[in-house]
Amino acid sequence: MNIQFDVVIVGAGPAGASAAYSAAKNNCSVALLEKEETVAQTVRTSGVTWIEDAKSFGIPSDYYNPIKHYTFCSPNNEVTISDTRPRAAVLDVRKTYRFLAEQAIKEGATLFVNANATSVVTDSSGKITGIKASLAKEEIVFQSRVVIDASGFQSIIAKSLGLVSQWKKFGAGAEYEATVENIDSDTWYLMVGQQYSPSGYAWIFPVGDNKVRIGVGVGKPDSSVDPTQRLDEIIEKKLGPIKKLGKITPIEFHYGLIPNDGLTRKTVYDNLMLVGDSAGYANPLVLEGIRYAIKFGRIAGKVAADAIKANDTSEKMLSKYEENWRKSISSKINSAYKVQNRWIGLSDEQWDKEIEIINELSADEFLDFIRADFGLSSIVRLAAHHPRLAVRQLFSMIKTAQKN
Ligand SMILES: Cc1cc2nc3c(=O)[nH]c(=O)nc-3n(C[C@H](O)[C@H](O)[C@H](O)COP(=O)(O)OP(=O)(O)OC[C@H]3O[C@@H](n4cnc5c(N)ncnc54)[C@H](O)[C@@H]3O)c2cc1C
């Protein structure tokens, strides 16, 4: 069977659903293909984002748990940055991702679940003309003018065309959503040092109603540690703040991979765009990609619609999307890599000292830092005038990365 759409999007995660929303809003016919039985059937993320972003995307406030205290634990140290109001949020991931897909459907996009995209269709000149997908054991060709690869870490479409290869550096994370006996619902914990993760960190993110997500992230190939095994060990040993949680009863297990290769990928080709984790622009400091997936997914959908309207879906026309995301976040992500490189390989003693530096930051500075929202002017100011030398040095390092 053959069906015709203006835009076909592979993957109904936050990037794909957001691209579908804006392409449909801009008068395109859109097919959104999801290989699982439902949107967000499998959760592969911890779901931390920022209230300001969630509001700007229209995500209802009862879809997330607000956070205003940020605790860092190293083997022999602990600091808490307290804000006057909550600015971070731990999302109900299923509700949020389904909400994003519903927004796309309301604008007229058609969601196909159980639709596993298997290959790309091209014409005799090699031009991309659609996607082949298996749907309830039937093979369907979705003809389209623009294909958007939003298949996440695997970048299934770009890979099948030989345009990209597997990410060399990436994060692997395992977590339990669990009920616990004690938790302050507005405090998150990031735990660093060898015992938690040799090239990453562990976390406790409260989701409300005495539920938390406890996880471990490990940088690959830097460390061979299996995050699932390490997670079970730190829970068993009740390390650090895990002890305070009391009895932990797992409800659900999550596992995922996230690219951490720098902004190495070209994300537009004739008739093809890569969005979200397929494009590889998540913030590497805290494995955070949801807000960028939504923001730039929407921009990709709009650029695709404009190109279709102009009857020109060439790489040149679609590159407005890549120009947009690069202009908006390249220097921030490059700075975040610089901080990440400093963090990977810190010894436990060095971590004990590093979190003292973090303790010198005001809540505003800390949030800009962890969000990688380093505006050049504020970084220059902090690098020159912060009252603490160690903080000045940290921001000097970021400033250098921003200029490069
Ligand atoms: C352990 C871990 C923790 C994380 N924690 C956070 C966090 O706290 N905050 C944050 O902002 N980010 C976090 N991230 C990153 C975040 O999850 C991603 O950046 C974000 O999900 C990217 O969205 P996406 O839509 O590009 O990809 P995904 O969310 O991976 O969605 C891709 C979709 O494509 C579908 N798909 C794949 N192949 C096909 C196919 N062949 N045919 C049809 N459909 C297909 C998949 O089923 C899936 O639904 C974390 C990542 C990991 C691994």
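The letter at position 90 of the sequence shown is residue 83 when you use my numbering, and the numbering goes up by one with no holes.
Glycine included, each C-beta is placed from N, C-alpha and C at the ideal position.
(request) Return helix, strand or coil for Pro234, following the three-state DSSP convention. (result) Taking the sequence shown and counting its residues from 1, the one referred to as residue 234 is at position 241. For Pro234, the secondary structure class from DSSP, reduced to helix, strand or coil, is helix.
(request) Determine, using beta-carbon pairs with one atom in the region 47 to 60 and one in the region 326 to 336, whether at least three such pairs fall under 8 Å. (result) no
(message) Just to confirm my understanding: we take Ser40, look at its own chain, exclude 5 residues before and 5 after, and list those with CB closer than 6 Å. What are they?
(response) By 1-based counting over the sequence shown, the position of residue 40 is 47. Ser is not the amino acid found at residue 40; the sequence shown has Gly there. Excluding sequence neighbours, Gly40 sits near Val83, Leu84, Val86.
(request) Out of Leu360, Asn352, Ser340, Gly290, state which residue places its alpha-carbon closest to the alpha-carbon of Pro68. (result) Taking the first residue of the sequence shown as position 1, residue 68 is located at position 75. Looking at the Cα atoms, Ser340 is the closest of the given residues.
(request) Rank Val140, Ser158, Tyr57, Phe388 by C-alpha distance to the C-alpha of Arg258 and give the top, closest one. (result) Looking up residue 258 in the sequence shown gives position 265. Nearest option by C-alpha distance: Ser158.
(request) Just grab the DSSP bridge partners of Tyr72 for me. (result) Start at 1 with the first residue of the sequence shown, and residue 72 comes out as number 79. Sequence inspection shows Val at residue 72; the Tyr mentioned does not correspond to that position. For Val72, which the question treats as bridged, DSSP gives the partners Phe65.
(request) If I'm right that Val209 touches Ile227 with Cβ under 8 Å, what's the distance once you round it to whole angstroms? (result) As a working note, residue 209 is residue 216 in the sequence shown. As a working note, residue 227 is residue 234 in the sequence shown. Contact between Val209 and Ile227 holds, since their C-beta atoms are separated by about 7 Å, short of 8 Å.
(message) Tell me the DSSP secondary structure of Ile176 in three-state form.
(response) Here residue 176 is taken as the residue at index 183 of the sequence shown, counted from 1. Residue state, collapsed to three classes: coil.
(message) Would Asp142 and Leu25 be called neighbours here (beta carbons separated by less than 8 Å)?
(response) Start at 1 with the first residue of the sequence shown, and residue 142 comes out as number 149. Start at 1 with the first residue of the sequence shown, and residue 25 comes out as number 32. Contact: no.
(message) Let me check you understand the geometry: is the CB of Arg87 closer than 7 Å to at least one non-hydrogen atom of ligand 1?
(response) Taking the first residue of the sequence shown as 1, we reach residue 87 at position 94. No, the Cβ of Arg87 stays beyond 7 Å of every heavy atom of ligand 1.
(request) Tell me whether Leu382 is buried or exposed, calling it buried when 16 or more other Cβ atoms sit within 10 Å of its Cβ. (result) The sequence position of residue 382 within the sequence shown is 389, counting from 1. Per the 10 Å Cβ criterion, exposed.
(request) Name the one or two DSSP bridge partners that Tyr57 has. (result) Position 64 of the sequence shown, counting from 1, holds the residue named residue 57. Its beta-bridge partners are Leu84.
(message) Given this structure, state the Cα-to-Cα distance separating Glu342 from Phe198, to the nearest angstrom.
(response) Start at 1 with the first residue of the sequence shown, and residue 342 comes out as number 349. Start at 1 with the first residue of the sequence shown, and residue 198 comes out as number 205. Distance between the alpha carbons of Glu342 and Phe198 is about 25 Å.
(request) Determine, using beta carbons only, whether Tyr56 and Thr89 come nearer to each other than 8 Å. (result) Position 63 of the sequence shown, counting from 1, holds the residue named residue 56. Position 96 of the sequence shown, counting from 1, holds the residue named residue 89. Cβ atoms of Tyr56 and Thr89: closer than 8 Å.
(request) Examine ligand 1 and report whether any of its heavy atoms sits within less than 7 Å of the Cβ of Lys28. (result) What you label residue 28 is simply residue 35 of the sequence shown in a count that begins at 1. Yes - ligand 1 has a heavy atom lying nearer than 7 Å to the Cβ of Lys28.
(request) Please report the residue range of the beta strand (DSSP E) in which Gln136 lies. (result) Against the sequence shown, residue 136 aligns to sequence position 143. 131 to 136 is the extent of the beta strand (DSSP E) around Gln136.
(message) Does Tyr262 come out as helix, strand or coil in the three-state DSSP assignment?
(response) Taking the sequence shown and counting its residues from 1, the one referred to as residue 262 is at position 269. Correct three-state label for Tyr262: strand.
(message) For a test of your reading of the model: does the CB of Ala12 fall under 7 Å from any non-hydrogen atom of ligand 1? Yes or no.
(response) As a first step, residue 12 is located in the sequence shown; it is residue number 19 there, counting from the start. Ala12: no, Cβ never under 7 Å from ligand 1.
(request) Consult DSSP for Tyr330 and reduce its assignment to one of helix, strand or coil. (result) Here residue 330 refers to the residue found at position 337 of the sequence shown. Of the three classes helix, strand and coil, the one that applies to Tyr330 here is helix, per DSSP.
(request) Determine the extent of the beta strand (DSSP E) in which Tyr248 is found, giving its start and end residues. (result) On the sequence shown, position 255 is the one that residue 248 refers to. Secondary structure note for Tyr248: its beta strand (DSSP E) is the uninterrupted segment 241 to 252.
(message) Excluding the 5 residues flanking Asp361 on each side, which residues of the same chain have their C-beta closer than 8 Å to its C-beta?
(response) Taking the first residue of the sequence shown as 1, we reach residue 361 at position 368. Cβ within range, chain order: Phe367, Gly368, Ser371.
(request) Please confirm if the region 176 to 183 is in contact with the region 292 to 300, defined as three or more CB-CB distances below 8 Å between the two stretches. (result) no
(message) Gly101 and Ala17 - do their beta-carbons sit closer together than 8 Å?
(response) As a working mapping, residue 17 is identified with position 24 in the sequence shown. As a working mapping, residue 101 is identified with position 108 in the sequence shown. Yes. Within cutoff.
(message) For a minimum of 3 consecutive residues, which ranges assigned as the beta strand (DSSP E) are wholly contained in the region 332 to 389?
(response) The region 332 to 389 contains no whole beta strand (DSSP E) run of 3 or more residues.
(message) Taking the beta carbon of Ala171 as the centre, do at least 16 other beta carbons fall within 10 Å, making it buried, or is it exposed?
(response) Counting from one through the sequence shown, the residue named residue 171 turns up at place 178. Classification of Ala171: buried, given that the 10 Å Cβ count is 16 or more.
(request) Take Phe146 as the anchor and find which of Arg138, Gly164, Val139 has the nearest alpha-carbon. (result) As a working mapping, residue 146 is identified with position 153 in the sequence shown. Checked all of Arg138, Gly164, Val139; the closest Cα to Phe146 is Gly164.
(message) Mapping the DSSP letters down to three states, classify Ser127 as helix, strand or coil.
(response) To locate residue 127, count along the sequence shown from 1; it is residue 134. In this structure, Ser127 counts as strand in the three-state DSSP scheme.
(message) Taking 7 Å as the cut-off, is the beta-carbon of Ile251 closer than that to any non-hydrogen atom of ligand 1?
(response) Stepping through the sequence shown from its first residue, residue 251 is reached at position 258. Checking the Cβ of Ile251 against ligand 1 gives yes.
(message) Assuming contact is defined by CB atoms lying nearer than 8 Å, are Val32 and Ala94 in contact in what I supplied?
(response) If you number the sequence shown from 1, residue 32 lands on position 39. If you number the sequence shown from 1, residue 94 lands on position 101. It is a contact, given that the beta carbons lie within the stated cut-off.
(message) Among Ser153, Arg80, Ile52, Pro53, whose alpha-carbon lies nearest the alpha-carbon of Val3?
(response) Locating residue 3 in the sequence shown gives position 10, where the first residue counts as 1. For Val3, the nearest C-alpha among the options comes from Ser153.
(message) Can you list, in chain order, the residues of its chain with a C-beta nearer than 6 Å to that of Lys28? Leave out the 5 residues immediately preceding and following it.
(response) The residue given as residue 28 occupies position 35 in the sequence shown. Taken in chain order, the residues that qualify are Asn109.
(request) Determine the DSSP secondary structure at Ser112, reduced to helix, strand or coil. (result) Position 119 of the sequence shown holds residue 112. If DSSP states are grouped into helix, strand and coil, Ser112 belongs with the strands.
(request) Give the single residue among Pro277, Ile292, Trp344 whose Cα lies nearest to the Cα of Lys333. (result) Start at 1 with the first residue of the sequence shown, and residue 333 comes out as number 340. Checking the sequence shown, residue 333 turns out to be Gln, not Lys. Nearest of Pro277, Ile292, Trp344 to Gln333, Cα basis: Pro277.
(request) Please indicate yes or no: does the CB of Val3 lie closer than 7 Å to some heavy atom of ligand 1? (result) Reading the sequence shown from its first residue, position 10 is the one you call residue 3. Yes.
(request) Using 10 angstroms around the beta-carbon of Phe(-2), count the other beta-carbons present and answer buried if the total reaches 16, otherwise exposed. (result) As a first step, residue -2 must be located in the sequence shown, where it is residue number 5. Phe(-2) comes out buried.
(request) Go ahead and pull the three-state DSSP assignment for Lys161. (result) Taking the sequence shown and counting its residues from 1, the one referred to as residue 161 is at position 168. Looking at Lys161 - three-state DSSP - the assignment turns out to be coil, as it is neither helix nor strand.
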